[in-house]
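To start, the structure under review is shown below, and the notes come after it.
There are 2 protein chains.
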Amino acid sequence: MQHQRPKIVDVARLAGVSTATVSRVLSNPDVVSAETRRSVEEAIRQTGYRLNHAARNLRHRRTGGVVALVPNLSNPFFSQILAGMAAVLAGAGYNLLIADTCAMGGETLLGYAEPSRADGLIVLDGTLPADGLKRRVPIVLACEWIPGIEAPRVKIDNRAAARVAVEHLIGLGHRRIGHVMGPPGNVLSEARLAGTEQALAAQGLPPPLVLPGDFSLDSGRLAGEAWLALPAEQRPTAVFLASDAMACGFIGEVQHCGLAVPRDVSVMGFDDIELVSHMTPALSTIRQPREAIGRRAAQCLLAMIGGEAPEGDIVLPTELVLRASTSPPVTTPAIKSREAGPARL
Amino acid sequence: MQHQRPKIVDVARLAGVSTATVSRVLSNPDVVSAETRRSVEEAIRQTGYRLNHAARNLRHRRTGGVVALVPNLSNPFFSQILAGMAAVLAGAGYNLLIADTCAMGGETLLGYAEPSRADGLIVLDGTLPADGLKRRVPIVLACEWIPGIEAPRVKIDNRAAARVAVEHLIGLGHRRIGHVMGPPGNVLSEARLAGTEQALAAQGLPPPLVLPGDFSLDSGRLAGEAWLALPAEQRPTAVFLASDAMACGFIGEVQHCGLAVPRDVSVMGFDDIELVSHMTPALSTIRQPREAIGRRAAQCLLAMIGGEAPEGDIVLPTELVLRASTSPPVTTPAIKSREAGPARL
DNA sequence: CACCCTCTTGCAATCGATTACAAGCCTCCG
DNA sequence: CGGAGGCTTGTAATCGATTGCAAGAGGGTG
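Those sequence lines, one after another, are chains G and R.
Residue numbers for the first sequence follow full-length UniProt numbering, so the first one is 1 and each next one is one higher.
Residue numbers for the second sequence follow full-length UniProt numbering, so the first one is 1 and each next one is one higher.
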């Protein structure tokens, strides 16, 4: 009859105590006398007893888990954020459930925002329907956010970061600057575009040449094609792309066609994913503190689960990382001869 | 008094039926008469009732979740595997819980392998202790595996794949070939090294120059430094690295020092992560079917959870992807003159 | 010796949904 | 008209652990 998984009453019987005492040994050992405790522990060992979490969760009315909704698990940008979250949550005894929002419908997703499924929710996808997420479990929004929802946001100042990036390009002497956007409608895309425009306008420069994109490698490659297709004298001498992945695709395409970076075009990315510091040329970019974003989001959520009032928005600092993909524009021969011409005579 | 979360008895009261009927409407609607069903559904809508999963799980003795143990979430190699798993599992109504094994101790990890936590376990980390994982929930091992454990494995033929990679290099005319290994003790590292050695031995060539590594970008960079530090005439003319990430680091370091790939050294990677097709030069590599690995592992686990006998090992095909980072060795001047010398006179 | 206090332990209700079993109601047939 | 059989529904036990309440043991004090 011992072929079944042992339950708490089996332990109790063997130790000659009540189930209440066994339970106390498990979750509140101090109130049990040392002697009893030892014999219960011995009985646990002998029976090979393991706690049933479903039962405990039912009683405690909590799940011990936190769900993260990620737009695309395949995107390496998110994995480090998740790693940061996982570290903090594990330290507090919480599981991290990860759900890929592109792999499932909205109905399924809402199922995760329930107290009986998770004690909290971290949303990394700004494209979810706002209405379904209201009045459920504590929620924190990280990176992207959903305009309609009242919840703390852990983010960076995308607009300011974009401005810094473009100011750097302007400072190098670039005047014709291109911008490759993220997916249309995305809050990050809009903010980074706005920052780009602001930086240019502040210097009295014309607005950027804007190319469409969606953060993916391949959309960066397509942007590269579009750039190459321009007449040489119309090409921006510097391009700021809203993600590193796109910058990689862009550079790959440009190099593939025999042009060089930064000689023929300066390129600036966004994110500072690990790989781009090892490319040739190493990519100049804006560093997002990905682990820190994950950690802060998790801490913020834990605080809310613990009953504290939700914090306001948390804005983490970014950093301009200058590497080898940006340089002053090379003056074109035509201009050079015009400028240098008189002196040469 | 309605400030509490409504339970099934609240719905039952409102609809004027018993809790059993409400439960049946929820999980087995066909046995309930159409009229009753409609009134119960109306009551559910009015109360805003939501099912309590903890209670259902307790009763069903299942959790509806599957845990994946991943060695390092930050590694983009795993994210696509997870995406594949998540897609299959979501389709079958299971959650995917992801745990980063490097963020937690072994004790914590074993806690995931319990029937009350998860209905199954997919292990992607070969370095876990074998003993703790026995006799718990259904387990599938993917990519890496744990020698002591009896469980279906979803994998590729690492040795054969490495052989194919090295045969390609040999076929191009390379004779001095280097290999940068994965982490010591790892089953993948061993198999890929063995395949490399086999391919060389089969052609009567000397064993490879073996450099240490750990799959990470930075260890690839260090391998690049080590390669550069060799006297030019001892440097392998081709290097096969056990991961794409290392290949990126290696190429970055070599290019950084002014040498060119593949002119000065052919480089071959392993994995075919998305980024490497966009680098310059585009990386020749072995493609692992990552999504398929995740999908097959999930399917296999679902079958086991469903009570089917565990399948045998599943070996998925790899593919040699030839791009621009490999080419015939450039004959060195010394050799060239020796060979061409007589003819020249 | 009666009384109070502290420490340990057990009893039994509870968390919320599921389901085996039985009962009630119809209809149909011999 | 009695009974078999099909539907639908309700009753109550069950899943396994937790915990408020109270009782019993032991020690100290007036």
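A virtual CB, placed ideally from N, CA and C, is assigned to each residue, including glycine.
As the structure is a prediction and not an experimental result, all values here were calculated from the model.
Would residue i pass as an interface residue toward chain G - the criterion being a Cβ-Cβ separation below 8 angstroms?
i: Thr19(R); result: no
i: residue 396(R); result: Residue 396(R) is absent from the structure shown; chain R starts at 1 and stops at 345.
i: Pro342(R); result: Note that Pro342(R) has pLDDT 42, beneath the 50 cutoff, so the model's placement of it is unreliable and no number is given.
i: Met279(R); result: yes
i: Asn57(R); result: yes
i: Ser33(R); result: no
i: Gln299(R); result: no
i: Thr127(R); result: no
i: Thr108(R); result: yes
i: Ala191(R); result: no
State the start and end residues of the unbroken alpha helix (DSSP H) segment that holds residue i.
i: Glu319(G); result: Note, Glu319(G): premise wrong, no alpha helix (DSSP H); beta strand (DSSP E) at Glu319 to Val321.
i: Ala245(G); result: Asp244 to His256
i: Ala15(R); result: Ile8 to Ala15
i: Ala83(G); result: Pro76 to Gly91
i: Ala232(R); result: Unbroken run through Ala232(R): none, as it is neither H nor E.
i: Leu26(G); result: Thr19 to Ser27
Go to residue i, then tell me how far its beta strand (DSSP E) extends in each direction, as first and last residue.
i: Asp100(R); result: Asn95 to Asp100
i: Ser266(R); result: Ser266 to Met268
i: Arg62(R); result: Careful: Arg62(R) lies outside any beta strand (DSSP E) and carries neither H nor E.
i: Arg287(R); result: Thr285 to Arg287
i: Ile293(R); result: Run containing Ile293(R): none in the beta strand (DSSP E); it sits in the alpha helix (DSSP H), Arg290 to Ile305.
i: Phe240(R); result: Ala238 to Leu241
i: Gly120(R); result: Gly120 to Val123
i: Val31(R); result: Segment: none, Val31(R) is in no beta strand (DSSP E) and carries neither H nor E.
i: residue 385(G); result: Residue 385(G) lies beyond the residue range present for chain G, which begins at 1 and ends at 345; the question has no answer from this structure.
i: residue 395(R); result: Residue 395(R) is absent from the model: chain R starts at 1 and stops at 345.
Give a yes or no on whether the minimum CB-CB distance between residue i and chain R is below 8 angstroms.
i: Asn95(G); result: yes
i: Thr196(G); result: no
i: Pro76(G); result: yes
i: Glu274(G); result: yes
i: Gln203(G); result: no
i: Ser79(G); result: yes
i: Leu73(G); result: yes
i: His53(G); result: yes
i: Ala226(G); result: no
i: Thr63(G); result: yes
i: Ala90(G); result: yes
i: residue 355(G); result: In the structure as shown, chain G begins at 1 and stops at 345. Residue 355(G) is therefore absent and cannot be evaluated.
i: Glu41(G); result: no
i: Arg24(G); result: no
CB-CB under 6 angstroms to residue i, same chain, minus the five flanking residues each way: which ones, in chain order?
i: residue 399(G); result: Residue 399(G) is absent from the structure shown; chain G starts at 1 and stops at 345.
i: Ile8(G); result: Thr19 and Val22
i: Arg13(R); result: none
i: Ile81(G); result: Arg290, Ile293 and Gly294
i: Ala130(G); result: Ile146, Gly148 and Ile149
i: Val321(R); result: Asp272, Thr285 and Arg287
i: Leu141(G); result: Val123, Ala151 and Arg153
i: Ile251(R); result: Val261 and Val267
i: residue 358(G); result: Outside the displayed range of chain G (1 to 345) lies residue 358(G), so it cannot be described from this structure.
Beta-carbon within less than 8 angstroms of residue i's beta-carbon, same chain only, minus the 5 sequence neighbours each way: which residues are those?
i: residue 348(G); result: Here chain G has residues from 1 to 345 only, and residue 348(G) is not among them.
i: Ala226(G); result: Leu211
i: Val88(G); result: Gly294, Arg295, Ala298, Gln299 and Leu302
i: Gly185(R); result: Thr127
i: Arg37(R); result: Val25 and Pro29
i: Gly312(R); result: Pro152
i: Val265(R); result: Trp227, Arg235, Pro236, Thr237, Ala238, Val239, Val254 and Leu259
Near residue i, which residues of its chain fall below 7 angstroms by C-beta distance, leaving aside the five closest residues on each side in sequence?
i: Arg175(R); result: Leu205
i: Pro328(G); result: Leu172 and Gly173
i: residue 353(R); result: Residue 353(R) cannot be examined here, being either before or after the span of chain R that is shown, 1 to 345.
i: Pro76(R); result: Ile273
i: Asp214(G); result: Gly182 and Pro183
Curious, which full-length beta strand (DSSP E) runs of at least 3 residues does the stretch 141 to 190 of chain R contain? 153 to 156 and 177 to 180
Is the stretch 237 to 254 of chain R touching the stretch 208 to 216 of chain R in the sense that three or more CB pairs, one from each, lie closer than 8 angstroms? yes
Inter-stretch contact at 8 angstroms, needing at least 3 Cβ pairs: the stretch 93 to 104 of chain R / the stretch 60 to 68 of chain R: yes
Three Cβ pairs or more, each shorter than 8 angstroms: is that satisfied between the stretch 186 to 195 of chain R and the stretch 156 to 169 of chain R? yes
Are the stretch 112 to 123 of chain G and the stretch 47 to 54 of chain R in contact at 8 angstroms, needing three or more beta carbon pairs? Yes, since at least three Cβ pairs between the stretch 112 to 123 of chain G and the stretch 47 to 54 of chain R fall closer than 8 angstroms, the two stretches touch.
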